[in-house]
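Here the sequence shown is numbered in our numbering, starting from 27 and rising by one per residue.
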Amino acid sequence: MITKKTKRLQAADKAHLWHPFTQMKEWTAQSPESQLIIERGKGNYLYDTEGRRYLDGVSSLWTTVHGHGNKTIDRAIKDQIDRISHTTLLGLGSVPSIELAEKLVEITPRGLKKVFYSDSGSTAVEIALKIAYQYWIETGVKGRTRFISFTGAYHGDTLGSMSVGEIGSFVKKYNPLIKKHFRAPYPYCYRCPVASDVGHPGCKLACLNEFERIVEKNHKDIAACIIEPMVQGAAGMIVSPPGFLKGVRRIAKKYNILLIADEVAVGFGRTGKLFACEDESVSPDILCLAKGITGGYLPLAATLTTDKIYKAFLGNYEELKAFFHGHTYTGNPLGAAAAIANIDLFKKNKVIDKLQQKVKTLKALLKPLSKLDHVGDIRQKGLMVGIELVACKESKAPYPASLRLGHNICMDARKKGLIIRPLGDVIVLMPPLSITERELKKMVSVVEDSIRDRTE
Ligand SMILES: *Cc1c(COP(=O)(O)O)cnc(C)c1O
């Protein structure tokens, strides 16, 4: 029996709330049993208004790092509330925003020295694109009005960030509103767009040649390349083969275009390193951070760049070289305080060291799933996992979208106490870094059962 309180909230939700990336016709038609309303969280678990407990298998949409209700982060936010909750960075400084900038410069890849704040991944990307574009103007280079990104990329849902993204169903409709940019093939090795007859590593990263061909031909028009380093998230957790990121860095440098690393999803330990760029010792010219930056507690984002780029914006006021951008809540002190606590916890709890064993355990747990009849590909980097389901393993033919297979499997998993959210027919796992080995086992076993139930 569902309580009165839950029923009331469910009705009010259906009456007034418009959910993100959601077909509301389907949403409002769902049964009271499947319409979960989360009331609180503790550690790696979420609790709904019925008091039922669920393992948070996708870190509340890729944000939670050290679990929910972490005492250190909660304390940092409460202490900051006692001082001040918001003050502006327009014409004023604020204590936590300064201290966080210092820390971000210290922990991110070499060469990044300046921090520009905003409040979401999309705005962090908008800022990166605008900085890259304006950098060339201020240095007297004309015509660099375009960007190069990769097939399947997701960089956010505002008009600018969408223009460098390419997830057909998300973006297509808005094409008339957005500028066209260059697109290079991303190494989706399971369905290789370039050298499918050879495959990796026989292809010797043929995709890089294709990237270089486009850059060589058009570099005078290109301000920057933007990439999700090591793992394309929203495309379906697609892990790039070794050497690809490094190759992109090398080619960007060779043709003198800037490199923007969008670590909104992969940053803060998700891939097993603090930042994904570390995996191939890459230092981007611009770095975008959001999602995990506050440990998943408050909306905050940061765009970092080098002294070289920053200096191009310096001049006398009337030269109008300043970066005319900023959001009302830029550098919000509560978000900054949470982010400082999040970063301190990495060090204090040796999170990255301890993560390595969990990554190995998860890998071992996932291995048997590849034998299932309809599991086409299992991709893992750190604690990011994509399990791609196919109707036929041999031809790699997908299931018809109308089956809503990924969705249905995730709904089944809820009944077994696990909250996950798919990307089409890719089952995504991205638990908090604080997940225990026991919880990893539970998570994978629920996923296996749920896949079997729907595909056998
Ligand atoms: C989620 C995401 C974004 C957008 O972040 P929002 O906070 O949702 O605006 C941008 N880039 C990547 C790689 C992401 O995963």
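Think of the CB as a built atom: it goes at the ideal place given N, C-alpha and C, for glycine as much as any other residue.
query, result
"Delimiting residues of the beta strand (DSSP E) encompassing Glu65", "64-68"
"Straight-line gap, Pro227 to Cys251 (C-alpha atoms, nearest Å)", "24 Å"
"For Val61, the nearest candidate out of Gly191, Thr149, Arg78, Ser111 (CA to CA)", "According to the sequence as given, residue 61 is Gln; it is not Val. Nearest of Gly191, Thr149, Arg78, Ser111 to Gln61, Cα basis: Arg78."
"Best match in His181, Gly137, Val452, Ala439 for proximity to Val470 [C-alpha to C-alpha]", "Ala439"
"CB of Ile435 within 9 Å of CB of Arg405, strictly", "no"
"Helix, strand or coil at Ile453 according to DSSP, with G and I counted as helix", "strand"
"Buried or exposed (CB count within 10 angstroms, at least 16 for buried), Thr354", "exposed"
"Ordered list of alpha helix (DSSP H) runs contained in the segment 314-382, each at least 4 residues", "333-337, 359-374"
"Rounded C-alpha distance that separates Gly262 from Val290", "15 Å"
"Exposure label - Trp162; buried when at least 16 CB within 10 Å", "buried"
"CB contact flag (Ile157, Phe372, <9 Å)", "no"
"Distance CB(Asp288)-CB(Ala154) smaller than 9 Å", "yes"
"C-beta atoms of Leu35 and Thr90 nearer than 9 Å", "no"
"Through-space distance from Val141 to Leu116, alpha-carbon basis", "15 Å"
"Collapsed DSSP secondary structure at Ser222 in the structure displayed", "coil"
"is_contact[Pro219, chain B] using C-beta, thresh 9 Å", "The chain inventory of the structure shown lacks chain B, comprising one protein chain alone."
"Leu115, DSSP secondary structure in three states", "coil"
"Integer-rounded CB distance, given that Gly298 should sit under 8 Å from Gly408", "3 Å"
"Identity of the residue in Lys419, Val265, Leu360, Asp399 nearest Met410 by Cα", "Val265"
"Residue of Glu463, Ile248, Pro359, Gly352 minimising C-alpha distance to Lys380", "Glu463"
"Given Gly93 as reference, the closest of Gly318, Tyr200, Gly119 once Cα atoms are compared", "Gly318"
"Buried or exposed by the 16-neighbour rule on C-beta atoms within 10 Å, applied to Pro202", "exposed"
"Lys441 versus Ile64 - alpha carbon distance", "15 Å"
"Simplified DSSP state of Ser309, which is helix, strand or coil", "coil"
"Endpoints, alpha helix (DSSP H) assigned at Ser189", "185-189"
"Proximity test, Ser428 beta-carbon vs ligand 1 heavy atom, cut-off 8 Å", "no"
"Where Asp399 sits in the DSSP three-state scheme", "coil"
"Length-filtered (3 minimum) beta strand (DSSP E) runs lying within the segment 77-149", "79-82, 138-144"
"Distance, Ala427 Cα to Arg447 Cα", "16 Å"
"Whole-Å CB distance - Leu315 paired with Gln106, under 8 Å assumed", "Rounded, the Cβ-Cβ distance is 20 Å, inconsistent with contact."
"Alpha-carbon to alpha-carbon, Gly166 and Thr98", "48 Å"
"Ser460 - DSSP class collapsed to helix/strand/coil", "coil"
"Every unbroken beta strand (DSSP E) within the segment 228-290, with a cutoff of 3 residues, ordered by chain", "248-253, 284-288"
"Cβ-based neighbour list, Gly357, same chain, cut-off 7 Å, excluding 5 preceding and 5 following", "Leu115, Ser120, Ser123, Tyr143"
"Assigned exposure category for Trp88 - 16 Cβ within 10 Å defines buried", "buried"
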